[in-house]
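Read through the structure below, which is laid out as structure tokens, and then see the notes.
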Amino acid sequence: MIKVIIRICAGLLACLSLAACSQQSNPGQVQSGLKIVTSFYPIYSLVKEVSGDKNDVRMIGSRQGIHSYEPSAADIKAIYDADVFVYHSKILESWAGRLDPNLQGSSVKVLEASTRLPLTKVPGLEDMEVGQGIDEASLYDPHTWLDPVLVGQEALEIGELLADTDPANADYYRKNAAKLDKAAQALADKYSPIFAKASSKTFVTQHTAFSYTAQRFGLQQLGIAGVSEEEPSPRQLAEIKEFVDSYKVQTIFTEKGTSDKLAKALASSTGVDLKVLDPLEADPENQLTYLENLEQVLEILAQELK
């Protein structure tokens, strides 16, 4: 039987300089206030909403995810040239926890946005004891940005971090954060009864990023080994077929960019449908707010479980 795993995403695109940091900024527009650099899309979007029009907010580049990303020298320079660098978690961006502004002669303020979030351990690792060579932080799941309620809590934390950094605009940041938190709670309240009425409570994913989503809405996420390979071996396909038959799986949720070879191999060997469920780790490159993008993800999941 195939075991539940966490699939590490691919690295992300490096930027050449702070001016080249990716996002929908107008290169010709000079903005007053703080220069804020963020690590990847969810953090960028939340910081941007909380910061409003007070500051110049950019991210160091995240068109392909964050898990295996390591910053280039140019990325590090962009961070140290900023006033503030905001990242999600030492669990996810382990390199960010090692940044030391003092060594670079920089005054950048480094902020970890998830410090007060109630993180839970990765399913299957709840009882693992921390011993030599095992970092306890690695046992926890960082994917909180896929739970609307935790998104709101992180927005509030970002509001406090920015308020502490820029006291002159503290009330402004806190007001924006509270507004975002209220909207995030409303999104959770909207989908709670929808998922409660769903005929199925179990969904299968290529990338097990949706544990907090499942916990929030009373669902069960199952992940399959081998599904993220470019061309699964015959043995892997046989194991996936056994998994599909055992759990009566009709749909496997994959990520954007799944190869045609993989899709065809899975479809022909298992007969399941493949649908995209975006973990929102990479920039969706649209004009929607973060919560609007998250609602699209929840709606796809709700329609499938209905």
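For the sequence shown, the tail end lands on 537 under the working numbering, and the numbers increase by one without skipping.
Where a beta carbon is used, it is the ideal one built from N, C-alpha and C, also for glycine.
Between residue i and the rest of its own chain, which residues show a CB-CB distance below 8 Å, the 5 nearest in sequence each way excluded?
i: Thr482; result: Phe434, Val435, Val503, Asp504, Leu505, Lys506, Glu535
i: Glu486; result: Cys240, Gln437, His438, Val507, Leu508, Asp509, Pro510
i: Ala327; result: Ser270, Phe316, Tyr318, Lys321, Val341, Glu343
i: Tyr403; result: Gly283, Lys285
i: Pro515; result: Tyr272, Asp509, Asn524
i: Pro302; result: Ala245, Ile291, Ile310, Trp326
What does a CB cutoff of less than 7 Å around residue i pick up in its chain, not counting 5 residues either side in sequence?
i: Tyr311; result: Pro332, Gln335, Ser337, Val339
i: Ala440; result: His374, Leu377, Pro510
i: Leu529; result: Tyr422
i: Leu348; result: Thr375, Leu381, Gln384, Glu385
i: Phe448; result: Tyr422, Ser423, Phe426
The beta strand (DSSP E) spanning residue i covers which residue range?
i: Leu411; result: Here Leu411 belongs to no beta strand (DSSP E); instead the alpha helix (DSSP H) covers 401-427.
i: Val317; result: 315-318
i: Gln452; result: 451-454
i: Leu511; result: First-last for Leu511: undefined, no H or E at that position.
For residue i, tell me which candidate among the options has the shortest Cα-Cα distance.
i: Val380; options: Ser345, Gln416, Phe448; result: Gln416
i: Ser442; options: Pro398, His374, Lys428; result: His374
i: Ile425; options: Ser303, Ala533, Gly264; result: Ala533
i: Thr396; options: Asn524, Leu529, Lys266, Ile531; result: Lys266
i: Ala408; options: Val268, Val281, Tyr272, Ala429; result: Val281
i: Ser345; options: Gly383, Lys308, Ala313, Asp314; result: Gly383
i: Arg466; options: Lys406, Lys479, Leu497, Phe484; result: Leu497
i: Lys308; options: Gly264, Ala427, Leu330, Leu393; result: Leu330
i: Val278; options: Ala494, Leu450, Ile389, Leu529; result: Ile389
i: Leu493; options: Ser464, Pro273, Asp306; result: Ser464
i: Leu522; options: Asp314, Gln446, Ala414; result: Ala414
i: Ser499; options: Lys472, His298, Ile297; result: Lys472
i: Ser325; options: Lys406, His298, Ala399; result: His298
i: Asp287; options: Ala305, Ser263, Ile531, Asp306; result: Ser263
i: Asp476; options: Ala304, Thr501, Ser303; result: Thr501
i: Lys479; options: Leu468, Ala513, Asn400, Ser431; result: Ser431
i: Leu468; options: Phe448, Lys495, Leu392; result: Lys495
Is residue j closer than 7 Å to residue i when the C-beta atoms are compared?
i: Asp420; j: Ala386; result: no
i: Met290; j: Tyr300; result: no
i: Glu526; j: Leu450; result: no
i: Lys537; j: Ala429; result: yes
For residue i, which residues from the same chain have a beta carbon less than 6 Å from its beta carbon, with the 5 sequence-adjacent residues on both sides left out?
i: Tyr371; result: Ile322, Leu350, Lys352
i: Asp314; result: Leu265, Lys266
i: Gln518; result: none
i: Gln260; result: Residue placement at Gln260 is flagged as unreliable, the pLDDT there being 49, under the threshold of 50; a coordinate-derived value is accordingly withheld.
Starting from residue i, trace the alpha helix (DSSP H) both ways and give me its first and last residue.
i: Val278; result: 272-282
i: Leu468; result: 465-478
i: Phe448; result: 442-448
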